[in-house]
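When the letters of the sequence shown are read in order and numbered with this note's numbering, they come out as residues 230 to 482.
From the three backbone atoms N, C-alpha and C, an ideal C-beta is built for every residue, glycine too.
All values reported here derive from a predicted model rather than from experimental measurement.
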Amino acid sequence: MTSGVAGETPMARRKLIAGNWKMHGRSADLVWAERLSGLLGRAPGSEILVFPPATLRAPMASRVPGFVAVGGQDCAAETEGARTGDISASMLADLGARYVITGHSERRRLHGESDGLVRAKSEAALKAGLTPVICVGETLDQRKAGEAEAVVLRQVFASVPEAAAGRVIIAYEPVWAIGTGLHASPEDADRMHRAIREAWRSGDGDQLRILYGGSVNPGNAAGLLSREHIDGALVGGASLDPDSFAAIIRAGG
Ligand code: PEP
């Protein structure tokens, strides 16, 4: 058992609220940055991160306030080469990114990404000096079969590189909750996060940041984010609206 003392969040586990825009957004939508800034005023207690599509990464970075980091939604496992359409982790780092999502369930499902590829991409991210936000999560059928925890831990072992806990972030995103309006209960999500933390092999699981993702919105954020083992949220749909995203950030404290 490696978790921290109940009720205390170690400094290393400062809350992190991240917005994943997926394949949404045109240049006109960059006004989001000024609206979010106006709504938040000064830097909140949580760390804030946004993952716009690659086309908007640079202009977004120049418009968000300094306390908002801008990351990439995916990276290649290779550094460079004949890979039309791909973007390497070092290219993201070159543009000032510090984070990249790997293994999102949409990429696993729509692009056939295996645990091995997710691990290779995450290793490439680490090598480029980025923090990978590595997504794992069970399908509805797996949950119904009582296999949720086994599936998620298997994904963690197979997708996450051996690294100090502070160098990677895990996002627990049950597939059935993404974009469906359904979300894991705070109790269920907290239990899964705790299981991931306890299974973490390097003995520093108390420093591992584990985000919850899956239909997080202003109405359910406070309940989820108040749980001991939920260190933040990866927010899809609700992050596109600055009012909703700001409300979720406020719920993080
Ligand atoms: C996501 O894209 O990672 C996600 C959790 O989406 P949504 O919040 O829309 O369910």
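- When rounded, the separation of the alpha-carbon atoms in G332 and A393 is 19 Å.
- Between the alpha carbons of G466 and S431 lies a distance of about 34 Å.
- When distances are taken from the beta-carbon of H333 to the heavy atoms of the ligand PEP, the shortest one is below 7 Å.
- Counting only runs of 3 or more residues that sit fully inside the segment 250 to 301, the beta strand (DSSP E) segments are 276 to 280, 297 to 299, in chain order.
- Three or more Cβ pairs drawn from the segment 242 to 256 and the segment 434 to 451 lie within less than 8 Å of each other, which places the two stretches in contact.
- Under the DSSP definition of a beta bridge, T331 partners with I363.
- A Cβ-Cβ separation of about 6 Å places R396 in contact with L355 under the 8 Å criterion.
- Between A406 and S444, the gap from beta carbon to beta carbon is short of 8 Å.
- Each of R264, Q302, E416 was checked against the Cα of L463, and the nearest Cα belongs to Q302.
- For E402, the Cβ falls inside the 7 Å cut-off from some heavy atom of the ligand PEP.
- Assigned with DSSP and collapsed to three states, A476 falls in helix.
- Membership of V464 in any alpha helix (DSSP H) is not indicated; the residue belongs instead to the beta strand (DSSP E) covering 461 to 464.
- Listed in chain order, the beta strand (DSSP E) elements of length 3 or more contained wholly in the segment 351 to 407 are 360 to 365, 398 to 401.
- For I246, the secondary structure class from DSSP, reduced to helix, strand or coil, is strand.
- In this structure, the C-beta of G448 stays at least 7 Å away from each heavy atom of the ligand PEP.
- For A480, the closest of I330, H458, G448, L469 by C-alpha to C-alpha distance is G448.
- Residue side-chain check: L463 places its Cβ nearer than 7 Å to a non-hydrogen atom of the ligand PEP.
- Straight across, the Cα-Cα distance linking D460 with R423 is about 11 Å.
- The beta carbon of V293 sits closer than 8 Å to the beta carbons of A262, L265, S266, V279, V299 from its chain, once the five residues preceding and following it are set aside; these are given in chain order.
- Only buried fits R372, as 16 or more other CB atoms lie within 10 angstroms of its CB.
- Minimum Cα-Cα distance from P273 among the listed residues L259, R255, P288, G295 corresponds to G295.
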